[in-house]
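Asker:
In UniProt numbering, the protein residues as written are 1 to 179.
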């Protein structure tokens with residue numbers, strides 16, 4: 001199932017699933033921010049706690065994705081064909097594409113899970129195998145631009161949906177007014 005295909009009808013976004021996703025985002029983003037800002041030696045215990053919290057949030061999310069193979073909790077399955085089709089439709093001005101869920105989100109989710117997961121896991125390994133600290137630090141530094149790119153993508157896609165809504169309302173007004 002590509003990212004632009006409709007989801008099966010039996011996979012509604014229930015309040016419990018949405019609460020889980022919000023809690024996951026809150027736990028992971030909070031833990032990531034604290035871990036990133038406390039990476040120096042003076043705040044190592046806080047950094048360590050935040051890192052393990054991020055690792056636990058990712059582990060719970062992966063487990064939920066394995067247990068829920070369909071629906072909003074499933075693991076991202078990016079599709080190159082769906083992405084290229086969506087980008088082509090957006091570039092051509094297809095208003096329906098502007099309002100649909102972007103397949104770019106699946107690619108970004110996969111990148112985030114991989115990069116932030118690698119940073120958190122390498123930190124746990126570095127606790128017992130000190131030579132991993134340099135790799136952990138590099139992965140942590142690399143993860144910040146990926147997180148910021150995720151935020152930028154979400155904001156841009158929300159803006160695209162707003163524009164699609166405005167265009168749809170504008171077209172409806174013209175259709176009603178036109179004889």
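Even for Gly, the Cβ is constructed at its ideal location relative to N, Cα and C.
Are the stretch 83 to 95 and the stretch 50 to 62 touching by the rule of at least three beta carbon pairs closer than 8 angstroms?
Answerer: In short, these stretches do not touch, since the Cβ pair count stays below three.
Asker: Here's the rule: buried if 16 or more other CB atoms are within 10 angstroms of the residue's CB, otherwise exposed. What is residue 14?
Answerer: The residue given as residue 14 occupies position 14 in the chain shown. Label assigned to residue 14: exposed.
Asker: Assuming the contact rule is C-beta atoms closer than 8 angstroms, residue 119 and residue 99 should be a hit. Round their C-beta distance to whole Å, please.
Answerer: On the chain shown, position 119 is the one that residue 119 refers to. On the chain shown, position 99 is the one that residue 99 refers to. That pair is no contact at about 34 angstroms.
Asker: With 16 as the cutoff for other CB atoms within 10 Å, does residue 103 come out buried or exposed?
Answerer: Against the chain shown, residue 103 aligns to sequence position 103. Classification of residue 103: buried, given that the 10 Å Cβ count is 16 or more.
Asker: Below 7 angstroms CB to CB, which residues in the same chain sit around residue 133 once its five sequence neighbours on both sides are set aside?
Answerer: In the chain shown, the residue the question calls residue 133 occupies position 133. These residues qualify, in order along the chain: 126.
Asker: Residue 4 by DSSP, collapsed to three states: which one?
Answerer: Here residue 4 refers to the residue found at position 4 of the chain shown. In this predicted model, residue 4 has a pLDDT of only 49, less than 50, meaning its place in the structure is not dependable; the value taken from the coordinates is given anyway. Reduced to three states, the DSSP call for residue 4 is coil.
Asker: Once you ignore the five residues that flank residue 161 on each side, which residues in its own chain have a CB closer than 6 angstroms to its CB?
Answerer: For the purposes of this step, residue 161 is taken as residue 161 along the chain shown, with counting starting at 1. So the qualifying residues of the chain are 99.
Asker: Residue 143 to residue 112, Cα distance in whole Å?
Answerer: On the chain shown, residue 143 is found 143 positions in, with the first residue counted as 1. On the chain shown, residue 112 is found 112 positions in, with the first residue counted as 1. Taking the straight line joining both Cα atoms gives about 8 angstroms.
Asker: Given the structure, does residue 79 come close to the ligand ADP, in the sense that its CB is under 7 angstroms from one of the ligand's heavy atoms?
Answerer: Only the bare structure without any ligand can be found here, which leaves the ligand ADP out of the picture.
Asker: Between residue 78 and the rest of its own chain, which residues show a CB-CB distance below 6 angstroms, the 5 nearest in sequence each way excluded?
Answerer: The sequence position of residue 78 within the chain shown is 78, counting from 1. Excluding positions up to five away in sequence, the list reads 106, 107, 110.
Asker: Is residue 157 closer than 8 angstroms to residue 117 when the C-beta atoms are compared?
Answerer: Position 117 of the chain shown, counting from 1, holds the residue named residue 117. Position 157 of the chain shown, counting from 1, holds the residue named residue 157. In this structure, residue 157 does not lie closer than 8 angstroms to residue 117 by Cβ.
Asker: So the candidates are 96, 135, 21, 138; which of them puts its Cα closest to the Cα of residue 75?
Answerer: To locate residue 75, count along the chain shown from 1; it is residue 75. When each option's Cα is compared against that of residue 75, the closest is 21.
Asker: Tell me whether residue 10 sits in a helix, a strand or coil according to DSSP, three-state version.
Answerer: As a first step, residue 10 is located in the chain shown; it is residue number 10 there, counting from the start. In this prediction, residue 10 scores a pLDDT of 48, lower than 50, which makes its location untrustworthy; no coordinate-derived value is stated.
Asker: Taking Cβ positions, are residue 61 and residue 32 nearer each other than 8 angstroms?
Answerer: Residue 61 sits at position 61 when you count from the first residue of the chain shown. Residue 32 sits at position 32 when you count from the first residue of the chain shown. No. Outside cutoff.
Asker: Tell me which same chain residues have a C-beta within less than 7 angstroms of the C-beta of residue 27, skipping the five on either side of it?
Answerer: Position 27 of the chain shown, counted from the first residue, corresponds to residue 27. Result list for residue 27: 53, 57, in chain order.
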